[in-house]
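As structure tokens, the structure follows; a few thoughts come after it.
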Amino acid sequence: MAQVNKQITLAARPSGMPKPSDFKLVESSVPEAKAGEILVRVLYVSVDPYMRGRMNDVKSYAPPAQIGEVMGAGAVGQVVNSQSAQFETGDFVEGFFGWQEYAISDGKGVRKLDPSLGSLSTALGVLGMPGLTAYFGLLDIGKPQRGETVVISGAAGAVGSIAGQIAKINGCRVVGIAGSDQKIAWLRDELSFDAAFNYKTTPDYYAKLEELCPNGVDVYFDNVGGTITDAVFRLINIGARIVVCGQIAQYNDEKPETGPRLLWRLVVKQARAEGFLVFQFAPRYAEGLKQMAAWLKAGKLKYREQFVDGIENTPRAFIGMLQGENTGKQLVRVAKE
Ligand SMILES: NC(=O)c1ccc[n+]([C@@H]2O[C@H](COP(=O)([O-])OP(=O)(O)OC[C@H]3O[C@@H](n4cnc5c(N)ncnc54)[C@H](OP(=O)(O)O)[C@@H]3O)[C@@H](O)[C@H]2O)c1
């Protein structure tokens with residue numbers, strides 16, 4: 029076993045888009061598992077948009093990361109020493125192990141993985157937090173009905189690409205919005221979205237959406253906010269459901285953005301906009317994972333993963349994801365399985 033544990037810590041609080049110098053690669057010795065603990069050799073770490081919020085010194089639904097602390101993150105690994113009755117050495121596990129090569133855990137919040145359900149890395153994507161976000165956000169908050177029009181922003185990312193496919197499985201017309209022509213081709217040609225457009229090359233979002241949604245919008249799964257959301261709001265139908273999943277267009281803003289005030293549309297259309305956190309559905313994760321694994325097996329759900337190699341490249345992968353370099357789920361491969 030390597031004696032060195034490479035870790036990525038928060039070095040500085042970013043202003044605007046994070047920079048590589050906001051992070052620091054540090055080395056410490058591999059810790060030892062005490063009674064009740066496991067030592068995990070990390071194989072994959074996740075980079076997620078919520079981490080940008082935790083880099084600010086602001087309390088949100090979770091406390092902020094502290095300077096000098098290892099960046100918190102979901103990760104998949106293998107137990108290399110178990111002093112816990114719950115786990116055996118050799119078990120594959122998913123947990124909040126952070127951006128590091130080795131982690132100690134007391135087992136709380138750690139899930140044993142069944143490699144027969146999907147490759148290990150899917151526990152951080154389609155069969156993990158992003159997949160569950162798509163599943164519960166779309167089905168429980170969005171309540172799509174057969175024949176309805178569902179618009180997804182951030183459609184080619186980890187959450188959006190799954191949410192759109194679940195809407196298709198439920199018989200909806202699905203329109204995706206994403207930031208490159210390659211992403212649009214993937215949504216239309218491989219994921220069977222009915223229509224999609226590149227917001228970076230489309231001058232008038234409203235006109236484009238009006239063309240692609242001739243019957244208006246019944247469900248809007250919003251990952252981004254900002255001007256894309258302003259355009260969708262103008263097209264909602266009576267009784268529409270707006271699923272407020274994320275607002276990534278604002279995560280790097282130094283000053284709050286102001287825009288048109290569109291809540292009146294909710295009044296006129298007797299519509300509902302509802303935010304949610306995937307964690308509120310924790311008691312039902314098993315249900316979501318079972319259904320998603322069945323759809324994967326049946327070929328009804330497709331997913332894409334993008335890998336960067338080496339823990340030292342995690343900040344680059346994170347910044348790249350914030351800038352739209354990923355199609356599907358962005359991961360870092362820390363060690364070979
Ligand atoms: N509510 C919850 O519990 C929950 C849980 C997980 C995630 N989320 C939210 O869900 C959203 C998607 O997360 P994810 O993990 O699936 O990430 P992701 O979509 O895989 O990656 C982020 C994507 O956001 C897009 N983006 C970046 N800046 C943008 C901007 N200014 N305007 C429009 N799009 C922009 C980029 O794609 P483009 O090339 O298309 O720009 C980028 O690829 C995020 O808002 C996240 O915070 C919420």
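One rule links them: number in the numbering used here = place in the sequence shown (from 1) + 28.
The beta carbon of each residue, even a glycine, is placed where N, CA and C say it ideally should be.
Review point. Quick one: complete alpha helix (DSSP H) runs, 4+ long, within the segment 279-350?
Key: Given a length threshold of 4 residues, each whole run of the alpha helix (DSSP H) inside the segment 279-350 is given here in chain order: 291-296, 313-325 and 342-350.
Exercise for review: Go ahead and label residue 246 buried or exposed: buried means 16 or more other beta carbons lie within 10 angstroms of its beta carbon, across all protein chains shown.
Suggested key: By the neighbour-count criterion, in which 16 or more other beta carbons inside 10 Å mark a residue as buried, residue 246 falls on the buried side.
Practice item. Keeping to the same chain, check which residues put their C-beta closer than 7 Å to that of residue 222; ignore five residues upstream and five downstream. Key: For residue 222, where only same-chain residues beyond five positions count, the Cβ hits under 7 Å are 201, 202 and 203.
Review point. Would the C-beta of residue 354 count as close to ligand 1, meaning under 6 Å from any of its heavy atoms?
Key: Yes, the Cβ of residue 354 comes within 6 Å of a heavy atom of ligand 1.
Point to revise | CA-to-CA distance, residue 65 to residue 250, given in whole angstroms | key: Those two C-alpha atoms are separated by around 39 Å.
Check your understanding: Does the pairing of the segment 341-353 with the segment 63-83 give three or more beta-carbon distances under 8 Å?
Key -> Verdict: yes, contact present.
Exercise for review: Measure the alpha-carbon distance for residue 198 versus residue 132 and round it to whole angstroms.
Suggested key: If you take the alpha carbons of residue 198 and residue 132, they lie about 41 Å apart.
**Study point:** Candidates 143, 83 and 148: closest to residue 100 by CA position
**Key:** Shortest Cα-Cα distance from residue 100 to any of 143, 83 and 148 involves 83.
Point to revise | residue 310 beta carbon near ligand 1 (any heavy atom closer than 6 Å) | key: No, Cβ of residue 310 sits at least 6 Å from all heavy atoms of ligand 1.
Exercise for review: Measure the alpha-carbon distance for residue 291 versus residue 175 and round it to whole angstroms.
Suggested key: Spanning the two alpha carbons is a distance of roughly 26 Å.
Practice item. Please go through the segment 226-253 and give each complete alpha helix (DSSP H) segment of 4 or more residues, from N-terminal end onward. Key: Runs of the alpha helix (DSSP H) inside the segment 226-253: 233-240.
Check your understanding: Does the beta-carbon distance from residue 172 to residue 191 come in below 7 Å?
Key -> No.
Check your understanding: Between which two residues does the beta strand (DSSP E) containing residue 66 stretch?
Key -> Taken as a continuous stretch (DSSP letters only), the beta strand (DSSP E) holding residue 66 covers 66-74.
Point to revise | Residues near residue 45 by beta carbon distance below 8 Å, same chain, minus five either side | key: Correct list, in chain order: 280, 347, 350 and 351.
Point to revise | Straight-line Cα distance separating residue 252 from residue 334 | key: Distance between the alpha carbons of residue 334 and residue 252 is about 21 Å.
Check your understanding: What is the rounded straight-line gap between the Cα of residue 273 and the Cα of residue 241?
Key -> Cα-Cα distance, rounded: 21 Å.
**Study point:** Where residue 223 falls: helix, strand or coil (DSSP)
**Key:** If DSSP states are grouped into helix, strand and coil, residue 223 belongs with the strands.
**Study point:** Spatial distance of residue 342 from residue 360 (CA atoms)
**Key:** Looking at the two C-alpha atoms, the distance is approximately 6 Å.
Point to revise | Pairwise C-alpha distance: residue 50 and residue 42 | key: Linking residue 42 to residue 50 through their CA atoms gives a straight-line distance of about 6 Å.
Practice item. Taking the CB atoms as reference points, tell me whether residue 135 and residue 110 lie closer together than 7 Å. Key: Not closer than 7 Å, so no.
Exercise for review: Scan the segment 76-130 and note each continuous beta strand (DSSP E) run of 3 residues or more that stays entirely inside, going in chain order.
Suggested key: Listed in chain order, the beta strand (DSSP E) runs fully inside the segment 76-130 are 103-110 and 120-123, counting runs of at least 3 residues.
Practice item. Compute every distance between the C-beta of residue 267 and the non-hydrogen atoms of ligand 1, then say whether any falls below 6 Å. Key: No, the beta carbon of residue 267 sits no closer than 6 Å to any heavy atom of ligand 1.
Review point. Residue 219 and residue 325 look like a contact to me (Cβ under 8 Å); what is the Cβ gap, rounded to whole Å?
Key: About 17 Å; that fails the 8 Å criterion.
Check your understanding: Where does residue 218 fall in DSSP's three states?
Key -> If DSSP states are grouped into helix, strand and coil, residue 218 belongs with the helices.
Check your understanding: Is the beta carbon of residue 126 less than 7 Å from the beta carbon of residue 68?
Key -> Contact: no.
Point to revise | Cα-Cα separation between residue 234 and residue 152, rounded to whole angstroms | key: CA-CA distance, residue 234 to residue 152, rounds to 34 Å.
Exercise for review: For the beta strand (DSSP E) holding residue 422, just list the boundary residues, first then last.
Suggested key: Because the chain here runs from 29 to 365, residue 422 falls outside it and cannot be looked at.
Check your understanding: Does the segment 149-163 come close enough to the segment 312-326 that 3 or more CB-CB pairs lie under 8 Å?
Key -> Taking one beta carbon from each stretch, the segment 312-326 and the segment 149-163 have 3 or more pairs nearer than 8 Å; the two touch.
Point to revise | Cβ neighbour criterion (16 or more within 10 Å) applied to residue 90 | key: It counts as exposed.
Check your understanding: Would you say residue 177 reaches chain B, if we count a Cβ-Cβ gap shorter than 7 Å as a contact?
Key -> No chain B is part of this structure, which consists of one protein chain only.
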